[in-house]
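For reference, the structure discussed in these notes is given below.
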Amino acid sequence: MCTIPTDEPESDGTAKWDSTTIVIVEAGGDDARGIGYTYCGAAAAQVIREQLVDLVHDDVRASWLAMGGAVRNLGRPGIAACAISAVDQALWDRKARQLGTSLVDLLGAAHGDVPVYGSGGFCTYSLDRLQEQLGGWAAQGILRVKMKLGREPDADPKRLDAAREAIGGDVELFVDANGAFTPKDALGWADRYAHEWNVSWFEEPVSSADFEGLRLVREHGPAGMDVAAGEYAYVPADVRNLVGCVDVLQLDCTRCLGITGVLSASGLANAHNLDVSAHCAPAISAHVFCAVERRRHLEYFHDHIRIEEMLFDGRPELRDGALHPDRSRPGNGLELKRKEIEKWSAS
Ligand SMILES: [Mg+2]
Numbered sequence: 011m012c013t014i015p016t017d018e019p020e021s022d023g024t025a026k027w028d029s030t031t032i033v034i035v036e037a038g039g040d041d042a043r044g045i046g047y048t049y050c051g052a053a054a055a056q057v058i059r060e061q062l063v064d065l066v067h068d069d070v071r072a073s074w075l076a077m078g079g080a081v082r083n084l085g086r087p088g089i090a091a092c093a094i095s096a097v098d099q100a101l102w103d104r105k106a107r108q109l110g111t112s113l114v115d116l117l118g119a120a121h122g123d124v125p126v127y128g129s130g131g132f133c134t135y136s137l138d139r140l141q142e143q144l145g146g147w148a149a150q151g152i153l154r155v156k157m158k159l160g161r162e163p164d165a166d167p168k169r170l171d172a173a174r175e176a177i178g179g180d181v182e183l184f185v186d187a188n189g190a191f192t193p194k195d196a197l198g199w200a201d202r203y204a205h206e207w208n209v210s211w212f213e214e215p216v217s218s219a220d221f222e223g224l225r226l227v228r229e230h231g232p233a234g235m236d237v238a239a240g241e242y243a244y245v246p247a248d249v250r251n252l253v254g255c256v257d258v259l260q261l262d263c264t265r266c267l268g269i270t271g272v273l274s275a276s277g278l279a280n281a282h283n284l285d286v287s288a289h290c291a292p293a294i295s296a297h298v299f300c301a302v303e304r305r306r307h308l309e310y311f312h313d314h315i316r317i318e319e320m321l322f323d324g325r326p327e328l329r330d331g332a333l334h335p336d337r338s339r340p341g342n343g344l345e346l347k348r349k350e351i352e353k354w355s356a357s
């Protein structure tokens with residue numbers, strides 16, 4: 011487990027933070043070691059050590075079933091789902107390495123890459139930093155970028171002006187309120203975002219636990235604007251509850267019971283004609299979402315890009331605005347930078 015300070019204080023519509031914790035799992039074996047991870051807290055590491063390690067074996071889906079059963083009385087959604095996600099990723103990775111194939115090929119590629127959108131634009135940023143970050147992604151050939159808003163709504167028009175100026179007219183502008191608004195306030199802002207700044211994606215306009223509120227914004231919001239949520243979907247019932255409330259379903263393979271969880275939820279999305287967007291953790295998500303038929307794009311999130319560069323070699327390459335897993339490398343291709351991991355584990 012590593013806790014790494016952010017490069018400056020960060021906030022969104024409803025939370026503030028100055029560090030990020032990642033829990034990394036290695037699934038050992040004589041022939042191959044698999045790597046998985048989740049962005050959670052120390053409690054996830056404890057669940058892994060105390061509840062999960064003795065249950066897992068070579069059969070990935072059988073291990074997944076056993077882990078789900080073992081945490082029933084702890085509460086499967088939330089921390090336990092994050093813990094299972096990290097172990098499940100490591101088991102899939104180990105299986106791919108044992109077979110000498112890439113994770114993408116083991117899962118079965120529907121796509122060879124996953125387009126990304128740059129994500130950051132925190133409410134704490136100066137207008138200069140906001141422009142530098144979003145404009146930087148646009149200059150790298152990324153076709154869509156996302157900023158946070160809703161903390162001080164009256165300050166947002168200036169921030170949106172700055173963002174649009176930095177990225178020009180052709181790059182899509184996404185916004186994420188992290189549940190900061192009431193449904194009626196969100197509807198009012200949705201109209202302004204769409205008409206004044208050509209915003210095409212409104213994420214968590216209201217709390218993602220407010221299904222009726224999400225549905226209201228989705229049904230009455232402007233044409234051409236997608237309403238998205240799903241980053242707090244941990245178990246299949248959470249995914250089912252969002253059907254009909256969102257235009258695009260977000261899934262996080264470090265939270266929603268791992269790769270096995272994503273593949274299962276992908277089937278539900280197919281049945282409802284819902285596109286799926288990968289939430290964060292780009293180094294592993296790029297592999298997993300190549301196997302998701304309706305994958306739309308992946309959140310290339312500032313904090314996670316930075317941490318994954320620090321801790322992992324062998325990350326998928328960003329090229330032409332998309333992440334391309336290297337299918338010549340076994341498994342997920344990741345190698346741990348052990349010295350860096352030790353450094354941040356100790357702090
Ligand atoms: Mg979000």
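Residue numbers (the working numbering): 11 to 357. Don't be surprised by glycine CBs; every beta carbon is placed ideally from N, CA and C. A quick note: this is a predicted structure, and the numbers were derived from the prediction, not measured.
Compute the distance between the beta-carbons of residue i and residue j, then report whether it is under 9 Å.
{"i": "Ala-243", "j": "Leu-259", "result": "yes"}
{"i": "Cys-223", "j": "His-289", "result": "Looking at the sequence itself, residue 223 is Gly, so the reference to Cys does not match. No."}
{"i": "Cys-287", "j": "Ala-238", "result": "What sits at residue 287 in the sequence shown is Ser, not Cys. Taking 9 Å as the Cβ cut-off, Ser-287 and Ala-238 qualify as a contacting pair."}
{"i": "Glu-309", "j": "Tyr-127", "result": "yes"}
{"i": "Lys-158", "j": "Ser-21", "result": "yes"}
{"i": "Cys-263", "j": "Ser-295", "result": "yes"}
{"i": "Gly-358", "j": "Asp-103", "result": "There is simply no residue 358 to check, as the chain begins at 11 and stops at 357 in what is shown."}
{"i": "Leu-284", "j": "Asp-257", "result": "yes"}
{"i": "Gln-108", "j": "Ala-42", "result": "yes"}
{"i": "Val-66", "j": "Leu-84", "result": "no"}
{"i": "Ala-173", "j": "Gln-141", "result": "yes"}
{"i": "Ile-269", "j": "Val-245", "result": "no"}
Can you pull the DSSP bridge partners for residue i?
{"i": "Ile-34", "result": "Tyr-47"}
{"i": "Thr-13", "result": "Thr-31"}
{"i": "Arg-71", "result": "In DSSP, Arg-71 forms no bridge with anything."}
{"i": "Arg-305", "result": "Val-286"}
{"i": "Glu-213", "result": "Asp-186, Ala-238"}
{"i": "Gly-341", "result": "Ser-112"}
{"i": "Glu-327", "result": "His-334"}
{"i": "Phe-2", "result": "Residue 2 is absent from the model: the chain starts at 11 and stops at 357."}
{"i": "Val-26", "result": "Looking at the sequence shown, residue 26 is not Val but Lys. Bridge partners of Lys-26: Ser-21."}
Would you tell me roughly how many angstroms separate the C-alpha atoms of residue i and residue j, rounded to the nearest one?
{"i": "Leu-278", "j": "Val-33", "result": "28 Å"}
{"i": "Cys-433", "j": "Thr-134", "result": "The structure shown has nothing for residue 433, since the chain only spans 11 to 357."}
{"i": "Leu-170", "j": "Ala-190", "result": "17 Å"}
{"i": "Gly-348", "j": "Gly-51", "result": "It is worth fixing the name first, because residue 348 is Arg in this sequence and not Gly. Between Arg-348 and Gly-51, the C-alpha separation is close to 20 Å."}
{"i": "Tyr-203", "j": "Lys-156", "result": "13 Å"}
{"i": "His-334", "j": "Leu-116", "result": "16 Å"}
{"i": "Ser-338", "j": "Ser-112", "result": "7 Å"}
{"i": "Ala-54", "j": "Glu-36", "result": "14 Å"}
{"i": "Trp-211", "j": "Ile-177", "result": "16 Å"}
{"i": "Ala-281", "j": "Ser-29", "result": "38 Å"}
{"i": "Ala-367", "j": "Gly-118", "result": "No information on residue 367 is available, as it lies outside the stretch 11 to 357 that the chain covers here."}
{"i": "Gly-151", "j": "Ala-293", "result": "19 Å"}
{"i": "Asn-208", "j": "Gln-143", "result": "19 Å"}
{"i": "Gly-198", "j": "Pro-163", "result": "11 Å"}
{"i": "Trp-147", "j": "Ala-275", "result": "30 Å"}
What is the DSSP secondary structure of residue i, reduced to helix, strand or coil?
{"i": "Phe-221", "result": "helix"}
{"i": "Ile-295", "result": "The sequence as given places Ser at residue 295; Ile does not occur at that position. Three-state DSSP puts Ser-295 in a helix."}
{"i": "Gly-131", "result": "coil"}
{"i": "Lys-156", "result": "strand"}
{"i": "His-205", "result": "helix"}
{"i": "Glu-319", "result": "helix"}
{"i": "Val-124", "result": "strand"}
{"i": "Ala-332", "result": "strand"}
{"i": "Pro-87", "result": "helix"}
{"i": "Leu-346", "result": "strand"}
{"i": "Ser-21", "result": "strand"}
{"i": "Glu-60", "result": "helix"}
{"i": "Glu-352", "result": "helix"}
- prompt: Taking the runs of the alpha helix (DSSP H) that are 4 residues or longer, which of them lie wholly in the segment 226-293?
  reply: 246-252, 268-281
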